[in-house]
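Asks: Quick mapping for you: the protein sequence lines, in order, are chains X and U. Counted the way my numbering counts, the first sequence spans residues 1 to 344. Counted the way my numbering counts, the second sequence spans residues 345 to 748. Think of the CB as a built atom: it goes at the ideal place given N, C-alpha and C, for glycine as much as any other residue.
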Amino acid sequence: MRFSHLDPKRSALMTSATTRPASDYPPGGDAFRHRHLIGIAQLAPWEISYVLDAAEEWVEMNRSGAAKHDDRLAGLTIINAFFENSTRTLLSFEIAGKRLGADVVNMHAAQSSVKKGETLIDTAMTLNAMRADAMVIRHQSSGAVQLIADKVDCPVLNAGDGRHEHPTQALLDALTIRRRLGKVEGLTIAICGDVLHSRVARSNILALTLLGNEVRIVAPPTLTPPAMERMHVTTFTDMDEGLKDADVVMMLRLQNERMDGAYLPSAREYHALYGLTPKRLEKAKPQAIVMHPGPMNRGVEIDSSVADHPTRSTITEQVEMGVAVRMACLDILTRRKRGVPGWN
Amino acid sequence: MELTPLLIANARLLGGDPVRLLVERGRIAALNPLETPGGAETVDARGQWLAPGIIDLGVFATDKPAFHFGGITRAALMPDSGPLDGAGLVERAAKGGKPDLWVHPLAAATKGLAGRELAEIGLMKQAGARAVATGRARIADAGVMRRVLAYAASLGLTVIAHAEDEGLTAGAVATDGEMATRLGLASAPAIAEAMAIARDLCLVEETGAPIHFRQVTTARGLDLIRGAKAKGLPVTCGITPAHLFLSDTAIGDFRTFARLSPPLRSEDDRHACLSAIADGTIDVLTSGHDPRGPEDKRLPFAEAQPGMAGAETLLAMGLQLVRDGHISAARLFDLLAANPAKLLGLEAGRIEPGLEADLILIDEGTPWQVDAKKMAAWAGNTPFDGMPVQGRATMLWKGGQRIR
């Protein structure tokens, strides 16, 4: 077994800002100096913390009963352009935009001219000509969101591109961990499942190692990407060993098409070797939390008794944090356009 | 049409000794002639290099402006567009360069390049094909490949093969490594190349048929070639400047101009390629010229087509190998002209009396910058965009005719 390249002590020092309140940051773009949110790869640790802190305020508002509304994005148009099917992420972004008072428009690939052969760039230019104030984009190809961001005049948020990145998912996961365990540094986090095809895994590996955690990958060798040691993580093929003393167990969704024999023999065998059962979870720390980005395959990668555990499962809380994090991202990225003092 | 004799004076032969060269009736008549015939046109080279016109082995388009800019007088055309699997198609492709470029079509090894049935290689040879090629992919079926090798050898033709195992590279757009993992791109292990080479070398050993691997780009693959040459097998291989000057870090930011086939490799493999070009393992330096417009390249990385417009940068990057001390100037022109000519069975590629006067003058020091937006090629998909380089062809003759 190999250990992470990170020195936990040094990492803890580097990321002491993770629990700093947002009011401590100087006003102005220095706190988050990006025009777009394409990936975690472009972010510094304090920028992640800044978004998480901003999201905390929206969590409060979202829980405050009737008045779940703020008008700061009133008059702005946000286009959610989803070239790949999605229900949860699209809904989450739509609610986030509407709670901030923006006019939110959804575009589904199935209804768009993409099916008629229009190129991605042409579609992007069309959306741009409609003068959106922000675009949220999901696409099945790695790099597609950056390609669009380079061509349009408004901030672009990546809602998932191919196997590349899904930054808001990593941010909401970090916020969930921070709220549950009081910190998101110096922890041992096991990411389990189909890492090879997972943008959630890539964004989480980047965010969680950046914040100073020991990140482990637990996956069958057929679903482990190459050169993982260069990502500063430790890889395991044995689930029990990989979960040992973990603070966080993060499960990934296994796509049905991976179970047809190309990557895995069967769903049954996957469950036997890599399914999160109550017994397996005992290897982790007693208070370890269980995460899943959804939608779950109950009985395949995760047992229902674990998924529905009242204290350890964070799965519904992740959905809740998702709205807050996306509100924070939409707010921060449109500040320049709205002329918020200090953001120019 | 009667050509007036041509005298090129004050040139340096391949960057070495001063030379005067006389051309008569389209052919090289003499080096340092004692007397010049009356009425000869004289070109003062002012110390520039005199070299044979470049013979570009394995291009995917007949792109004359790019070839002329790059000092290329002969292009061996890959059979993929068409595909060139019949005598008529080969004959027409061979005429595609007239009057100012030699085009040598490579015959498709199999019908439709599908890798199943032998194409009419003999008839295509009669129509002007100089070698046989498997196209952008290898022939997956070892039995078919064995028959192609033996059949082509009986006709005196070399088989130009692509070396990637299709099982390992299925769906892949990059080489396994940190860059592919970070970008979330489907990737294949670099050994896919060595595995393909190993299979074909076994077939070569068994049939005795000559083979040329159009591009060998990994340490493992080059080791196999080195070993096969030591055994005396009829094996040669080539490479493009991209794999000598770039590694897979060039695909960062999803740059589709750096999406190539085979994909860019690790830095270790790049260094192995430089060693192999220095020690003689690599025989041919080619542009792999494959111009691709925005409809093929302005796409998400995995959806873009592989390939680069390489003809214009081939000479400058080759000269960089000389300046960096990897090879001598004389060896550069073996890689660019003499060896490809030998492989195609052409009496060309050298500066010798009696040969066709396919010549270039090179200002080897002149600096310029590669600019994808200002290329002579019909598309500017160069992975070297923005790179400052040195050296370009200033004059070019084909069969004694001044082209530029």
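#1: Could you tell me how far apart the beta carbons of residue 587(U) and residue 546(U) are, in whole angstroms, since I believe they sit closer than 8 angstroms?
#2: Quick one: what's got a C-beta closer than 7 angstroms to residue 461(U)'s C-beta in the same chain, skipping five residues either side?
#3: Using C-beta distances below 7 angstroms, list every residue in its chain close to residue 543(U), excluding the 5 sequence neighbours before and after it, in chain order.
#4: Just the chain U side, please: which residues come within less than 7 angstroms of residue 144(X) by C-beta, in chain order?
#5: What are the uninterrupted segments assigned as alpha helix (DSSP H) that are 4 or more residues long and contained completely in the stretch 444-470 of chain U, given in chain order?
#6: For residue 672(U), tell me which candidate among 347(U), 360(U) and 349(U) has the shortest Cα-Cα distance.
#7: If we define contact as Cβ-Cβ less than 8 angstroms, is residue 5(X) a contact residue for chain U?
#8: Could you name the residues that DSSP lists as bridge partners for residue 374(X)?
#9: Could you work out which residues of chain X lie near residue 522(U), taking near to mean beta carbons separated by less than 7 angstroms?
#10: Does the CB of residue 528(U) have a neighbour CB from chain X at under 8 angstroms?
#11: Put residue 615(U) into one of helix, strand or coil per three-state DSSP.
#12: For a quick check, are the C-beta atoms of residue 355(X) and residue 242(X) less than 8 angstroms apart?
#13: I'd like to know if the stretch 166-180 of chain X and the stretch 323-335 of chain X are in contact, where contact means that at least 3 CB-CB pairs between them fall below 8 angstroms.
#14: With a Cβ-Cβ cutoff of 8 angstroms, do residue 607(U) and residue 517(U) count as a contact?
#15: Residues of the stretch 579-600 of chain U with a CB closer than 9 angstroms to any CB of chain X: list them in chain order, please.
#16: Mind checking the stretch 119-134 of chain X against chain U and listing, in chain order, the residues whose C-beta falls within less than 9 angstroms of any C-beta there?
#17: Around the Cβ of residue 561(U), are there at least 16 other Cβ atoms within 10 angstroms (buried) or fewer (exposed)?
#18: Just the chain X side, please: which residues come within less than 9 angstroms of residue 513(U) by C-beta, in chain order?
#19: Report yes if the C-beta distance between residue 414(U) and residue 399(U) is below 8 angstroms; otherwise report no.
#20: If you measure from the beta carbon of residue 647(U) to each beta carbon in chain X, is any gap under 8 angstroms?
#21: What are the boundary residues of the beta strand (DSSP E) that includes residue 135(X)?
#22: For residue 734(U), which residues does DSSP report across the bridge?
#23: Quick one: give me the first and last residue of the beta strand (DSSP E) that residue 362(U) is part of.
#24: Label residue 305(X) either buried or exposed according to how many other C-beta atoms from any shown protein chain fall within 10 Å of its C-beta, with 16 as the threshold for buried.
#25: For residue 204(X) and residue 458(U), I'd like the C-alpha separation in whole angstroms.
#26: Beta-carbon within less than 6 angstroms of residue 11(X)'s beta-carbon, same chain only, minus the 5 sequence neighbours each way: which residues are those?
#27: To the nearest angstrom, how far is the alpha carbon of residue 363(U) from that of residue 691(U)?
#28: When you compare only the Cα positions, how much space is there between residue 565(U) and residue 559(U)?
#29: DSSP on residue 166(X), reduced to helix/strand/coil?
#30: Would you say residue 600(U) and residue 648(U) are within 8 angstroms of each other, going by their C-beta atoms?
#31: Please report whether the beta-carbon of residue 502(U) lies at a distance below 8 angstroms from any beta-carbon of chain X.
#32: For the alpha helix (DSSP H) containing residue 58(X), name the first residue and the last one.
#33: Identify every residue that forms a DSSP beta bridge with residue 633(U).
#34: Does residue 108(X) get closer than 8 angstroms to chain U when you measure Cβ to Cβ?
#35: If distances are taken between C-alpha atoms only, which option among 576(U), 500(U), 737(U) and 520(U) comes closest to residue 663(U)?
#36: For residue 41(X), go through chain C and note every residue whose CB falls closer than 8 angstroms to its CB, in chain order.
Replies: Taking the geometry as given:
#1: About 25 angstroms separates the two Cβ atoms, so there is no contact after all.
#2: Result list for residue 461(U): 454 and 455, in chain order.
#3: So the qualifying residues of the chain are 486.
#4: Correct list: 644.
#5: Counting only runs of 4 or more, we get 465-470.
#6: Comparing Cα-Cα distances from residue 672(U) to each of 347(U), 360(U) and 349(U), the minimum goes to 360(U).
#7: A caution first: residue 5(X) carries a pLDDT of 46, below 50, which makes its placement in the model too unreliable to give a value.
#8: Past the edges of chain X, shown from 1 to 344, lies residue 374(X), and the structure says nothing about it.
#9: Per Cβ cutoff of 7 angstroms: 227 and 230.
#10: Contact with chain X is found for residue 528(U), since one of that chain's Cβ atoms lies less than 8 angstroms from the residue's Cβ.
#11: Of the three classes helix, strand and coil, the one that applies to residue 615(U) here is helix, per DSSP.
#12: Because residue 355(X) is not part of the residues shown, which for chain X are 1 to 344, the question remains open.
#13: Verdict: yes, contact present.
#14: Against a cut-off of 8 angstroms, the Cβ pair of residue 517(U) and residue 607(U) comes out as a contact.
#15: Look at the stretch 579-600 of chain U: the residues with a C-beta under 9 angstroms from a C-beta of chain X are 597, 598 and 600.
#16: Taking 9 angstroms as the Cβ-Cβ cut-off, the stretch 119-134 of chain X approaches chain U at 119, 120 and 121, given in chain order.
#17: Buried, because 16 or more other Cβ atoms sit within 10 Å of the Cβ of residue 561(U).
#18: Result: empty, since nearest Cβ-Cβ is about 14 angstroms, beyond 9 angstroms.
#19: With respect to the 8 angstroms criterion, residue 414(U) and residue 399(U) are not classified as neighbours on the basis of their beta carbons.
#20: Interface annotation, residue 647(U): in contact with chain X, CB-CB separation under 8 angstroms.
#21: Element bounds for residue 135(X): 134-139.
#22: Answer is 711(U), bridged to residue 734(U).
#23: Taken as a continuous stretch (DSSP letters only), the beta strand (DSSP E) holding residue 362(U) covers 362-368.
#24: With fewer than 16 other beta carbons inside 10 angstroms of its own, residue 305(X) counts as exposed.
#25: Linking residue 204(X) to residue 458(U) through their CA atoms gives a straight-line distance of about 43 angstroms.
#26: Confidence in residue 11(X) is poor, its pLDDT being 37 and thus under 50, which makes the residue's placement unreliable; the coordinate value appears in the next sentence. For residue 11(X), the CB contacts under 6 angstroms within the same chain, skipping 5 residues up- and downstream, are 212 in chain order.
#27: One C-alpha to the other measures close to 22 angstroms.
#28: Residue 565(U) and residue 559(U) have their C-alpha atoms roughly 10 angstroms apart.
#29: It is coil, neither helix nor strand.
#30: Yes, these two residues count as a Cβ contact at 8 angstroms.
#31: No, no contact with chain X.
#32: That run of the alpha helix (DSSP H) goes 45-62.
#33: According to DSSP, which records beta bridges pairwise, residue 633(U) is partnered with 652(U).
#34: With 8 angstroms as the cut-off, residue 108(X) does not count as an interface residue toward chain U.
#35: Nearest option by C-alpha distance: 737(U).
#36: No chain C is present in this structure, whose protein chains are X and U.
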